[in-house]
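S.K.:
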Amino acid sequence: MFLNFIQNYPFILAFILGLIPALLWMWFWLKEDIHPEPAKILTLSFIGGMLAVVFVLPFQKIVYFYFQDQETISFILWAATEELAKFGFVYFIALRNKAVDEPVDDIIYLIVSALGFVTLENTLFLIQPIHLGQVVDTIVHSNLRFMGASLLHVMSSATIGIMLGLSFYKSRGEKILYTVIGIILAIALHSAFNLFIIREVSGNIFFIFGAVWVGIIVLLLLFEKVKHVSNLKSNLP
């Protein structure tokens, strides 16, 4: 009966499998923030990340239609639409809010948005195998996506957040420059990952996932650095 229910309503199991790792990662990052963010804005940022998936789907179909024979361009444009959508939604939901009162807040909200994005993205990815009754394969696939694509989204969005955090006390012009650089870096990381996965050769997959984990470690170190960014002007006598 349970299997019949799951096959008839595959979205439920797919959503649970997509949500659990996202919640675990969210708990990990939120505990790094010594000044907790408002639950309402965090929730809206997460939902905004999910809405970004719906927003980018038609654009990605257009990209595929016009550039299906140009693999590199397709993946760069796909990555660009996803990174811009994630950033755009969280910018209007959270980053302009007065709750963002310290450098690490930018990183937190962008990571939460990314986790919302991967939750729905993973859900859509897992629906078909669940509907076909491939529950074990589904769990394996969900773990692979959690290890790869999910971590990538966290890393790419956090890259933008780090640049915003580093420029938190700088002038408006410098903030814009840092933001643009962060978005470009995020798109580059995302595009490189997608291209390496598609052109996967024997043993290359382990190198790719290893590189993503190294990136997460670097992200943690940079997160600590952003924690200590201070307003030099306020420290002047």
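Quick note on numbering: the sequence shown equals residues 64 to 300 in this note's numbering. No residue lacks a Cβ here, since even glycine has one placed at the ideal position from N, Cα and C. Computed from a prediction, not measured in an experiment: that's the story for all the values here.
1) Restricting to Cα atoms, I'd like to know which of Phe-118, Phe-122 and Ala-85 is closest to Thr-106.
2) Quick check on DSSP: helix, strand or coil for Glu-134?
3) Give the single residue among Phe-188, Ala-157 and Gly-112 whose Cα lies nearest to the Cα of His-216.
4) My guess is that Ser-219 and Glu-146 are in contact by the Cβ rule of under 8 Å, so how many angstroms apart are they, rounded?
5) Would you say Asn-160 and Ile-75 are within 8 Å of each other, going by their C-beta atoms?
6) May I ask which residues mark the beginning and end of the alpha helix (DSSP H) holding His-194?
7) Starting from Ala-77, follow the alpha helix (DSSP H) in both directions and report where the run begins and ends.
8) Going along the chain, which residues of its own chain have a beta-carbon closer than 6 Å to the beta-carbon of Asp-169, five neighbours each way excluded?
9) Measuring CA to CA, which of Thr-135, Leu-195, Ala-143 and His-98 is closest to Leu-120?
10) For Lys-149, I'd like the list of residues in its chain whose CB is within less than 7 Å of its CB, leaving aside the five on either flank, ordered along the chain.
11) If you reduce the DSSP assignment to three classes, tell me which class Phe-155 lands in.
12) Rounding to the nearest angstrom, what Cα-Cα distance links Val-275 and Met-89 in this structure?
13) Near Leu-282, which residues of its chain fall below 7 Å by C-beta distance, leaving aside the five closest residues on each side in sequence?
14) Are the beta-carbon atoms of Ser-254 and Ile-139 separated by less than 8 Å?
15) Might you give, ordered along the chain, the residues of its own chain that have their beta carbon closer than 7 Å to the beta carbon of Leu-299, omitting 5 neighbours on each side?
16) Just mark Leu-158 as buried or exposed, buried being the case when its beta carbon has 16 or more other beta carbons within 10 Å.
17) Quick check on Tyr-127: buried or exposed, where buried means 16 or more other Cβ atoms within 10 Å of its Cβ?
18) Identify, in the order they occur along the chain, each residue of the same chain with its Cβ nearer than 7 Å to the Cβ of His-291, setting aside the five sequence neighbours on each side.
19) Just the C-alpha distance for Glu-287 and Phe-122, rounded to the nearest angstrom, thanks.
M.R.: Looking at the coordinates:
1) As a working mapping, residue 106 is identified with position 43 in the sequence shown. Selected option, being the one with the closest Cα: Ala-85.
2) To locate residue 134, count along the sequence shown from 1; it is residue 71. Of the three classes helix, strand and coil, the one that applies to Glu-134 here is helix, per DSSP.
3) Along the sequence shown, read from residue 1 onward, the residue named residue 216 stands at position 153. That would be Gly-112, whose Cα lies nearest to the Cα of His-216.
4) Walking along the sequence shown from the start, residue 219 turns up at place 156. Walking along the sequence shown from the start, residue 146 turns up at place 83. The Cβ separation is near 6 Å, so the contact holds.
5) Looking up residue 160 in the sequence shown gives position 97. Looking up residue 75 in the sequence shown gives position 12. Not a contact, by the Cβ cut-off of 8 Å.
6) As a working mapping, residue 194 is identified with position 131 in the sequence shown. Counting along the chain, the alpha helix (DSSP H) containing His-194 begins and ends at 166–194.
7) Here residue 77 refers to the residue found at position 14 of the sequence shown. Where Ala-77 is concerned, the enclosing alpha helix (DSSP H) stretches over 73–93.
8) Numbered from its first residue, the sequence shown carries residue 169 at position 106. The answer, listed in chain order, is Gly-224, Leu-227 and Gly-228.
9) As a first step, residue 120 must be located in the sequence shown, where it is residue number 57. It is Ala-143 whose Cα lies nearest to the Cα of Leu-120.
10) Here residue 149 is taken as the residue at index 86 of the sequence shown, counted from 1. Only Gly-112, Ala-115, Ser-176, Ala-177, Phe-180 and Ser-220 meet the Cβ criterion.
11) Position 92 of the sequence shown, counted from the start, is the residue given in the question as residue 155. Residue state, collapsed to three classes: helix.
12) Locating residue 275 in the sequence shown gives position 212, counting from the first residue. Locating residue 89 in the sequence shown gives position 26, counting from the first residue. Distance between the alpha carbons of Val-275 and Met-89: 18 Å.
13) Your numbering for residue 282 matches position 219 in the sequence shown. Result list for Leu-282: Met-218 and Ala-221, in chain order.
14) Sequence index remark: in the sequence shown, residue 254 carries index 191 (1-based). Sequence index remark: in the sequence shown, residue 139 carries index 76 (1-based). Yes, the pair counts as a contact, with Cβ atoms nearer than the cut-off.
15) In the sequence shown, residue 299 corresponds to position 236, counting from 1. Since pLDDT at Leu-299 reaches only 38, below the 50 mark, its modelled position is unreliable, and the value read off the structure follows with that caveat. Correct list: empty, nothing qualifies.
16) Locating residue 158 in the sequence shown gives position 95, where the first residue counts as 1. Classification of Leu-158: buried, given that the 10 Å Cβ count is 16 or more.
17) Indexing the sequence shown from 1 puts residue 127 at position 64. It is exposed - the Cβ of Tyr-127 has fewer than 16 other Cβ atoms within 10 Å.
18) To locate residue 291, count along the sequence shown from 1; it is residue 228. Closer than 7 Å at the Cβ level, and outside the excluded window around His-291, lies no residue.
19) Indexing the sequence shown from 1 puts residue 287 at position 224. Indexing the sequence shown from 1 puts residue 122 at position 59. If I take the Cα positions, the gap works out to 36 Å.
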